[in-house]
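Some notes on the structure that comes next.
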Amino acid sequence: MTRFQDLLAASPNSSPSREQDRASRELPAVVRASRLHWWEPSAPPAGGTAVLLVVAPWSHYDLAMLDVLDESVPGPDRPGEAPPVFVANLERYRSVEELTADIPILESFPFQSPIAALWRDGAFRNVAWGKAGRDLVADALDLPPEAFNEQVIARTPRYSPSPDRTSHVGA
347 MTRFQDLLAA SPNSSPSREQ DRASRELPAV VRASRLHWWE PSAPPAGGTA VLLVVAPWSH
407 YDLAMLDVLD ESVPGPDRPG EAPPVFVANL ERYRSVEELT ADIPILESFP FQSPIAALWR
467 DGAFRNVAWG KAGRDLVADA LDLPPEAFNE QVIARTPRYS PSPDRTSHVG A
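Per the working numbering, the very first residue in the sequence shown carries number 347; after that it's consecutive.
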């Protein structure tokens, strides 16, 4: 299943910009229909452990990661215990101040997504981004980080030039 990656599915009458806009708009509904939880800054987890993932809805890597997580975390058809995983849209944050309002331990705006923050006992305790962020999520969910990253990479589309295109260097 590619519930999250389908957000970027191309359509004949669309453009990459429209597809990215659609992915951003539809992300909350897809999260709510999954085993993951939509982040509401006004209602953070009361206690225990939780993970917040701030994802770029235009990133195939981030969406592939959400698909892997949706299949990995416990749910009605997959018993077990794991910290809840909350998801927020990176596009919602226009400044580092807005981002640090949700993740106070963050000191600067990260250069990569996803941004992963670990919540424990009423406060954020750790934050990381990019591959380190995926590793933080894997560790929090007791998933082997390398296997988790391999699954994400395996699900990310690969692009290569079409064979009928030729280079006209020097033409």
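Using N, Cα and C, we set each Cβ at its ideal position, and we do this for glycine too.
C-alpha distance - residue i paired with residue j, whole-angstrom precision
{"i": "P450", "j": "P358", "result": "42 Å"}
{"i": "L436", "j": "A484", "result": "20 Å"}
{"i": "F470", "j": "A355", "result": "34 Å"}
{"i": "R438", "j": "L409", "result": "17 Å"}
{"i": "W465", "j": "A392", "result": "10 Å"}
{"i": "R368", "j": "A396", "result": "28 Å"}
{"i": "F455", "j": "Q366", "result": "21 Å"}
{"i": "S360", "j": "S370", "result": "15 Å"}
{"i": "G468", "j": "F432", "result": "15 Å"}
{"i": "L399", "j": "Q497", "result": "17 Å"}
Closest residue to residue i among the options (Cα-Cα distance)
{"i": "S380", "options": "Q351, P362, S388 and P387", "result": "Q351"}
{"i": "R501", "options": "A434, A402, M411 and D488", "result": "M411"}
{"i": "L489", "options": "A428, L445 and E372", "result": "A428"}
{"i": "A402", "options": "R349, G476, V431 and H383", "result": "G476"}
{"i": "P503", "options": "L373, W385, V442 and W404", "result": "W404"}
Buried or exposed by the 16-neighbour rule on C-beta atoms within 10 Å, applied to residue i
{"i": "P362", "result": "exposed"}
{"i": "P460", "result": "buried"}
{"i": "R480", "result": "buried"}
{"i": "A389", "result": "exposed"}
Reduced DSSP secondary structure (H/G/I, E/B, other) of residue i
{"i": "N359", "result": "coil"}
{"i": "F432", "result": "strand"}
{"i": "E364", "result": "Correcting the residue identity first, residue 364 is Arg in this sequence and not Glu. It is helical."}
{"i": "F494", "result": "helix"}
{"i": "R501", "result": "helix"}
**OP:** Run through the region 438-489 for me and flag every whole alpha helix (DSSP H) of 4 or more residues, listed as ranges in chain order.
**Re:** 442-448 and 476-486
Original post:
Can you list, in chain order, the stretches of the beta strand (DSSP E) that have 3 or more residues and sit fully within the region 367-430?
Top reply: 395-401
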